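Scroll down for the structure; my scribbles are underneath it.
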Amino acid sequence: AKNIVFADGNPKAKIMIIGEAPGSNEDQEGIPFVGRAGALLDKMLASIDLDRKNVYITNVVNYRPPENRRPTEEEIVKYLPYLKKHIEIINPKI
204 AKNIVFADGN PKAKIMIIGE APGSNEDQEG IPFVGRAGAL LDKMLASIDL DRKNVYITNV
264 VNYRPPENRR PTEEEIVKYL PYLKKHIEII NPKI
């Protein structure tokens, strides 16, 4: 991993989207969902009249796992307290 990939969007949004972990593009830019998955997410949001200004986006794990693998159960467990606090701070409805 080159960058921590923390969040993007509106921290006052009522909708919070939580991905699994950053990929290569996200690691390069330091922003979640900017690669192919990000393009798909943007299209999905647009189809319901939303965009990144209307939602808040983060990941379970805030760094790219080696070789773009899925985060291990151990990594998820380590990040879980931070994710729970992150959700608590943003306090989304959805």
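FYI, in the numbering used here the residues of the sequence shown are 204 to 297.
Even glycine gets a Cβ: it sits at the ideal position worked out from N, Cα and C.
Since the structure is predicted, the reported quantities are computational estimates derived from the model, not experimental observations.
Checklist entry - Which first and last residues belong to the beta strand (DSSP E) in which N262 is found? => result Run containing N262: 259-262, per the beta strand (DSSP E) assignment.
Checklist entry - Going by the CB atoms, is the gap between P295 and A240 shorter than 8 Å? => result Taking 8 Å as the Cβ cut-off, A240 and P295 do not qualify as a contacting pair.
Item to check | Buried versus exposed, by CB contacts within 10 Å (16 or more), P235 | outcome: So P235 ends up on the buried side.
Checklist entry - Of all the beta strand (DSSP E) runs that stay within the bounds of the region 220-296, which reach a length of 3 or more residues? => result Restricted to the region 220-296, the beta strand (DSSP E) segments that are unbroken, complete and at least 3 residues in length are 259-262, listed in chain order.
Item to check | Sheet register partners of A210 (DSSP bridge) | outcome: Under the DSSP definition of a beta bridge, A210 partners with T261.
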